[in-house]
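Below you'll find the structure, written out as structure tokens, and then a few comments.
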Amino acid sequence: MEHIYDILIIGGGPAGYTAALYAARAGFQTVLLERLAVGGQMVLTGEIDNYPGFEKGIDGFTLSLKMQQSAERFGMKTEYTEVIAVDFFGKIKKVETTNGDFRTKAVIISTGANPRELGLPGEQQLIGRGVHYCAHCDGRFYNGKTVVVVGGGNSAASAALYLSRLAKKTYVVHRRDTLRATKVYHDPLLRAENLEFLWNSTVSELIADDKLIGVRVRNVNTGKIKELACDGVFVSIGRKPATDFLTNAVELDPFGYIVADESTRTNIDGVFAAGDVRTKPLCQIVTAVSDGAVAVHYAEKYLTGKEWDI
Numbered sequence: 503m504e505h506i507y508d509i510l511i512i513g514g515g516p517a518g519y520t521a522a523l524y525a526a527r528a529g530f531q532t533v534l535l536e537r538l539a540v541g542g543q544m545v546l547t548g549e550i551d552n553y554p555g556f557e558k559g560i561d562g563f564t565l566s567l568k569m570q571q572s573a574e575r576f577g578m579k580t581e582y583t584e585v586i587a588v589d590f591f592g593k594i595k596k597v598e599t600t601n602g603d604f605r606t607k608a609v610i611i612s613t614g615a616n617p618r619e620l621g622l623p624g625e626q627q628l629i630g631r632g633v634h635y636c637a638h639c640d641g642r643f644y645n646g647k648t649v650v651v652v653g654g655g656n657s658a659a660s661a662a663l664y665l666s667r668l669a670k671k672t673y674v675v676h677r678r679d680t681l682r683a684t685k686v687y688h689d690p691l692l693r694a695e696n697l698e699f700l701w702n703s704t705v706s707e708l709i710a711d712d713k714l715i716g717v718r719v720r721n722v723n724t725g726k727i728k729e730l731a732c733d734g735v736f737v738s739i740g741r742k743p744a745t746d747f748l749t750n751a752v753e754l755d756p757f758g759y760i761v762a763d764e765s766t767r768t769n770i771d772g773v774f775a776a777g778d779v780r781t782k783p784l785c786q787i788v789t790a791v792s793d794g795a796v797a798v799h800y801a802e803k804y805l806t807g808k809e810w811d812i
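Using my numbering, you'd call the opening residue of the sequence shown number 503 and step up by one each time.
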């Protein structure tokens, strides 16, 4: 007979491996499915200073391995495979992958969300060498330097405010003539003396040698190109949740994130969503880790028939 796991986790980032740790330590037969590399977006971060317990910081690769090893110490198993489709209806859930099918009693989805890229030549090669997607993660490397923030929503406004307190000069490049960010950001941004807006503009080219040294900005109305010398670019034009494989499987919000509250429950019994893949106000490693623990708490209640106990 085909093996049936107690808990199957999709996604090997901080939420996934925290869930794996809690599940395996509680005695549940646990498997985690990861498509590429352990750690998710975290593994791409050169230095992490905002995760508790590492007084000198820690690089994302090392923290990712530590999380994996902590969970595997209690007997959980990692399978490197890509999820193609799922069937969550019924007591036993089916997960179809490139390496065959898995069956489980409960599922925790922790596939995260990927930052939307500019799509410019050389962008991938410059990640960590002048191109970044998280100001609060990497902004400290630009103390006293010149940076460009691309975007006009809340995340871009927050990044611009944060960077304006560190950088010598901060440019905000936005394709419209006004911010989409909520009003609370507008006055502080306009008061920042070292912050300059380039309205109706997009970044059309990244200028680099072995690292980023500038950008070319195109005015969308006139077509005029302006060259800016800068040390770093922070792209904040939204994120795309990794939920393409979940078509009609669970409820998604209009942006593709899984609808799940602080309990991490989805609209399907026995299916939970942890970390950046669910609708939530703050996406950080520490909040993803918290979600992983909460998901197992409610998965255990589901598996033991005590789901609605407090």
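Even for Gly, the Cβ is constructed at its ideal location relative to N, Cα and C.
Terminal residues of the alpha helix (DSSP H) in which residue 802 lies: 787-805
Beta-carbon proximity of residue 623 to residue 741, cut-off 8 Å: no
Nearest-angstrom Cα separation, counted from residue 593 out to residue 633: 45 Å
Contact the segment 731-745 vs the segment 702-721: 3+ CB pairs below 8 Å: yes
The segment 697-707 contacting the segment 670-678, beta-carbon criterion three pairs below 8 Å: yes
Backbone CA spacing between residue 522 and residue 753 [nearest angstrom]: 24 Å
Inter-residue Cα distance where the pair is residue 709 and residue 549: 24 Å
Contact between the segment 525-541 and the segment 570-581 (3+ Cβ pairs under 8 Å): yes
Whole-angstrom C-beta distance between residue 661 and residue 736, which should lie under 8 Å: About 5 Å; that satisfies the 8 Å criterion.
Neighbourhood of residue 812 by C-beta distance below 7 Å, restricted to the same chain and skipping five residues each side: In this prediction, residue 812 has a pLDDT of 46, which is less than 50 and means its spatial position is unreliable; what the coordinates show is noted afterwards. So no residue of the chain qualifies.
Bridge partner(s) assigned by DSSP for residue 776: In the DSSP output, where bridge partners are listed per residue, residue 776 has none listed.
Exposed unless 16 or more other CB atoms sit within 10 angstroms - verdict on residue 557: exposed
Residue 812 - DSSP class collapsed to helix/strand/coil: In this prediction, residue 812 has a pLDDT of 46, which is less than 50 and means its spatial position is unreliable; nothing more can be read from the coordinates.
Simplified DSSP assignment, three categories, for residue 781: coil
Given residue 749 as reference, the closest of 779, 588 and 770 once Cα atoms are compared: Residue 588 is the option with its Cα nearest to residue 749.
Whole-angstrom C-beta distance between residue 613 and residue 744, which should lie under 8 Å: 4 Å
Three-state secondary structure (DSSP) of residue 593: coil
Rounded straight-line distance, which links the Cα of residue 681 to that of residue 642: 25 Å
Contact set for residue 785: own chain, Cβ-Cβ below 6 Å, skip 5 residues either direction: 778
Within 8 Å, strictly: CB atoms of residue 738 and residue 720: no
Residue 619 to residue 789 span [Cα, whole Å]: 23 Å
Residue 543 classed as buried or exposed, judged by whether at least 16 other C-beta atoms fall within 10 angstroms: buried
Residue burial classification, residue 570 (beta-carbon count within 10 angstroms, cutoff 16): buried
Alpha helix (DSSP H) runs contained entirely in the segment 632-657, provided each spans 4 or more residues: Runs of the alpha helix (DSSP H) inside the segment 632-657: 637-640.
Cβ-based neighbour list, residue 770, same chain, cut-off 7 Å, excluding 5 preceding and 5 following: 590 and 752
Among 551, 561 and 583, nearest to residue 497 - alpha-carbon criterion: Outside the shown range of the chain, which is 503 to 812, sits residue 497, and nothing can be said about it.
Three-state secondary structure (DSSP) of residue 603: In the structure shown, residue 603 falls within a strand segment according to DSSP collapsed to helix, strand and coil.
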